[in-house]
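Everything below concerns the one structure shown next.
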Amino acid sequence: MLDFSSSLSQLNGLFGGEGLDPSSPWMWVSIISLAIIPFFMMYAQKLQSRVIMGEISKSLAKLKTMRENARKEAIDYVKNAIKISSSSSPRDPAVGVDRFLEYFTILPVDLDPNGLVHKLDHIMRTRDDRVRAEIKKLCIGAGDKEISKIENILEAATALNLIYKVVRHYYLMGKRTTSMFILVQLQMVMPLLLEEAEALQKAISAFKRGQPIGDSIGPMVVGKMMFGKEKKFAARETIYSEDEYRGRKIYLLKAEGPAGTVGRPGEAITRLVGDMGIKIDTVIMIDAALKLEGEKTGDVAEGIGAAIGGIGVEKYQVEEVAARFNIPIYAVIVKQSVQDAITIMRKEIADAFEKVTNTVYSVIEDRTSEGQSVMVIGVGNTIGVGQ
Amino acid sequence: MLFGKKKEITPEIYSKDTCLSCTEITKRHHEERDYVYGVGLQCKKCMSPNTIVTAIYGEYPEEDR
Numbered sequence: 020m021l022d023f024s025s026s027l028s029q030l031n032g033l034f035g036g037e038g039l040d041p042s043s044p045w046m047w048v049s050i051i052s053l054a055i056i057p058f059f060m061m062y063a064q065k066l067q068s069r070v071i072m073g074e075i076s077k078s079l080a081k082l083k084t085m086r087e088n089a090r091k092e093a094i095d096y097v098k099n100a101i102k103i104s105s106s107s108s109p110r111d112p113a114v115g116v117d118r119f120l121e122y123f124t125i126l127p128v129d130l131d132p133n134g135l136v137h138k139l140d141h142i143m144r145t146r147d148d149r150v151r152a153e154i155k156k157l158c159i160g161a162g163d164k165e166i167s168k169i170e171n172i173l174e175a176a177t178a179l180n181l182i183y184k185v186v187r188h189y190y191l192m193g194k195r196t197t198s199m200f201i202l203v204q205l206q207m208v209m210p211l212l213l214e215e216a217e218a219l220q221k222a223i224s225a226f227k228r229g230q231p232i233g234d235s236i237g238p239m240v241v242g243k244m245m246f247g248k249e250k251k252f253a254a255r256e257t258i259y260s261e262d263e264y265r266g267r268k269i270y271l272l273k274a275e276g277p278a279g280t281v282g283r284p285g286e287a288i289t290r291l292v293g294d295m296g297i298k299i300d301t302v303i304m305i306d307a308a309l310k311l312e313g314e315k316t317g318d319v320a321e322g323i324g325a326a327i328g329g330i331g332v333e334k335y336q337v338e339e340v341a342a343r344f345n346i347p348i349y350a351v352i353v354k355q356s357v358q359d360a361i362t363i364m365r366k367e368i369a370d371a372f373e374k375v376t377n378t379v380y381s382v383i384e385d386r387t388s389e390g391q392s393v394m395v396i397g398v399g400n401t402i403g404v405g406q
Numbered sequence: 062m063l064f065g066k067k068k069e070i071t072p073e074i075y076s077k078d079t080c081l082s083c084t085e086i087t088k089r090h091h092e093e094r095d096y097v098y099g100v101g102l103q104c105k106k107c108m109s110p111n112t113i114v115t116a117i118y119g120e121y122p123e124e125d126r
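Sequence order for the protein chains is A and B.
Going by this note's numbering, the first residue of the first sequence is number 20, and it counts up by one from there.
Going by this note's numbering, the first residue of the second sequence is number 62, and it counts up by one from there.
Have a look at this one:
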């Protein structure tokens with residue numbers, strides 16, 4: 020405090036003050052204001068990191084609760100809805116469910132992309148078979164419909180588990196390295212991840228009750244067209260029917276409902292057109308498609324190309340057959356968000372049914388002539404939708 | 062509601078039955094056994110048991126649309 024007054028006078032002079040008055044409260048306001056600047060220069064980032072870490076940790080706690088709930092729901096479903104034979108399956112379903120949640124798939128190497136889709140197809144089939152076998156082992160005596168429900172529930176629970184683990188990984192990494200950049204990136208994507216996690220959690224209840232989801236609109240439209248007609252085997256969990264419309268032969272293809280499956284439309288079209296030699300002049304695919312923000316749920320649009328999601332194997336197979344036999348592919352889509360696609364079908368999507376049906380028939384009339392053949396494929400999960 | 066908790070909105074789930082005899086459409090609350098193109102409840106207009114479920118959907122409150 021010896022030379023403090025003189026230093027203050029100098030500072031005061033710098034700011035154009037006329038004289039120093041140590042009793043004035045404004046002098047202390049100036050001192051504190053000046054002292055805060057170096058403090059924030061040194062500690063602002065740390066403070067911000069703390070705030071971000073607090074926010075992420077709250078979201079992480081939410082994700083953890085969702086994951087635990089999903090796990091519990093899956094275990095309860097297996098316990099209650101499925102008749103577990105105690106003599107042949109003495110194990111607790113929790114062990115099997117937990118093992119399933121940690122199940123992973125290693126995708127094939129893509130350094131040499133030649134034949135990649137076939138490798139991918141092989142891996143995915145092996146995975147499907149293994150998962151199906153594990154579920155059958157877990158719930159002996161369960162029917163195919165129940166097994167497909169459990170498969171869907173476990174897939175949603177696995178996705179939730181993965182989201183939680185990845186977020187926790189980056190959170191802990193950011194905390195350990197005190198890296199603002201990791202934390203900020205995580206904070207930015209967190210609302211989207213939470214939205215997706217909430218949708219997955221809601222999807223579980225729709226799967227448990229076997230109710231149609233937004234993605235089921237394609238099978239729903241084709242299911243109506245198939246209603247009352249003979250159903251034939253097309254591929255695993257995939258069926259087709261034949262019909263006539265204004266002089267055109269119509270082949271209707273969808274996954275076999277009301278089980279929760281997407282079927283194998285790619286394999287089906289390869290078998291029907293490629294192997295069985297059925298002549299097709301046009302393919303029309305009906306599917307749910309992601310809407311952009313601002314677009315309305317349930318809007319219907321038409322376009323060109325294979326309307327089918329997933330890892331790409333089915334899309335490749337459809338495109339391959341179409342290109343080999345020079346078949347044009349038309350697409351009719353129903354717009355919806357990711358949340359709408361995996362939760363109970365919204366009224367707006369169900370209301371689009373008539374419009375989609377009319378669009379399909381108008382494409383058939385406009386793009387084909389009498390005597391030609393058309394294949395209409397209802398793409399999507401057919402849970403809660405029969406035929 | 063700046064710091065309020067986001068209210069969870071659950072949809073009301075309905076099934077729509079279509080009578081194959083008189084084409085009457087009936088909206089009712091969803092039942093566990095229902096599935097689209099499965100057997101519906103008896104038609105209230107013509108009393109025919111020949112009905113099918115033609116839609117199952119969730120209706121959200123007006124403000125959430």
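Just so it is clear, CB atoms sit at the ideal spot from N, CA and C, and this is done for glycine as well.
Write down every uninterrupted run of the beta strand (DSSP E) in the stretch 246-272 of chain A whose length is 3 residues or greater and which is fully enclosed by it, in chain order.
-> 251-254, 257-264
Determine the direct distance from the alpha carbon of Thr362(A) to that of Gln220(A), and round the result to whole angstroms.
-> 9 angstroms
So with Cβ pairs under 8 angstroms, would you call Ile117(B) a contact of chain A?
-> yes
Pick from Lys91(A), Ser356(A), Trp45(A): whose alpha carbon is nearest that of Gly313(A)?
-> Ser356(A)
Closer than 9 angstroms, Cβ to any Cβ of chain B: which residues of the stretch 62-84 of chain A, in chain order?
-> none
Could you spell out the range, first to last residue, of the alpha helix (DSSP H) harbouring Tyr183(A)?
-> 163-196
Can you grab the Cα-Cα spacing for the pair Gly119(B) / Ala225(A), in whole Å?
-> 10 angstroms
First through last residue of the beta strand (DSSP E) which encompasses Ile142(A) | Where Ile142(A) is concerned, there is no enclosing beta strand (DSSP E), although the alpha helix (DSSP H) it sits in stretches over 135-157.
Identified DSSP bridge partners for Val353(A) | Ala307(A), Val319(A)
6 angstroms CB neighbourhood of Ser82(B) in its chain, flanking five on each side removed = Cys107, Ser109, Asn111
Val404(A): buried (16+ other C-beta within 10 angstroms of its C-beta) or exposed?
-> buried
Anything in chain A within Cβ reach of Glu101(B), meaning under 8 angstroms, just list it in chain order.
-> In the sequence under discussion, the amino acid at residue 101(B) is Gly, which differs from the Glu named in the question. Going along chain A, no residue has its Cβ under 8 angstroms from Gly101(B), so there is no contact; the nearest lies around 12 angstroms.
Of all Cβ atoms in chain A, is any one closer than 8 angstroms to the Cβ of Ile74(B)?
-> yes
Alpha-carbon spacing of Phe58(A) relative to Lys65(A), whole angstroms | 11 angstroms
Whose Cβ in chain B lies nearer than 8 angstroms to the Cβ of Gln406(A)?
-> Tyr98
Which term fits Thr84(A), buried or exposed, when burial requires 16 or more other beta carbons within 10 angstroms of its beta carbon?
-> exposed
When the Cα atoms are used, what is the spatial distance from Ile55(A) to Ser76(A)?
-> 29 angstroms
Could you give the distance in angstroms between the alpha-carbon of Lys156(A) and the alpha-carbon of Glu92(A)?
-> 19 angstroms
At a Cβ threshold of 8 angstroms, is Lys366(A) touching chain B?
-> yes
Can you give the beta carbon distance from Ala308(A) to Gly282(A), rounded, assuming they're within the 8 angstroms contact cut?
-> About 18 angstroms; that fails the 8 angstroms criterion.
Is Phe119(A) near Thr177(A), with beta carbons less than 8 angstroms apart?
-> yes
Does the beta carbon of Glu92(B) come closer than 8 angstroms to any beta carbon on chain A?
-> no
Beta-carbon gap between Val340(A) and Val292(A) smaller than 8 angstroms = yes
Cβ-Cβ distance between Ile269(A) and Ala320(A) below 8 angstroms = no
Residue burial classification, Gln103(B) (beta-carbon count within 10 angstroms, cutoff 16) | exposed
What number of angstroms, rounded off, separates the C-alpha of Ala116(B) from the C-alpha of Ala175(A)?
-> 24 angstroms
Taking Ala350(A) and Ala326(A) to be in contact with their CB atoms under 8 angstroms, please state how far apart those CB atoms are, rounded to whole angstroms.
-> 4 angstroms
Best match in Arg290(A), Pro41(A), Val116(A), Arg144(A) for proximity to Leu126(A) [C-alpha to C-alpha] = Arg144(A)
Determine the chain A residues that contact Glu120(B) at a beta-carbon separation under 7 angstroms, and present them in chain order.
-> Lys366
Mapping DSSP to helix, strand and coil, what is Met20(A)?
-> Here the model assigns Met20(A) a pLDDT of 49, short of 50, so the residue's position is not dependable, and the following value carries that caveat. Three-state DSSP puts Met20(A) in coil, outside helix and strand.
May I ask you to report which of helix, strand or coil DSSP gives Val281(A)?
-> coil
Identify, in the order they occur along the chain, each residue of the same chain with its Cβ nearer than 6 angstroms to the Cβ of Ala360(A), setting aside the five sequence neighbours on each side.
-> Gly233, Asp234, Ala307
What number of angstroms, rounded off, separates the C-alpha of Arg228(A) from the C-alpha of Val97(A)?
-> 13 angstroms
Which residues bound the alpha helix (DSSP H) around Asp385(A)?
-> 372-386
Give the straight-line distance between the Cα atoms of Val116(A) and Ala89(A), rounded to the nearest whole angstrom.
-> 11 angstroms
Drop a sphere of 10 angstroms on the beta-carbon of Pro284(A), count the other beta-carbons inside from all chains shown, and report buried for 16 or more, exposed for fewer.
-> buried
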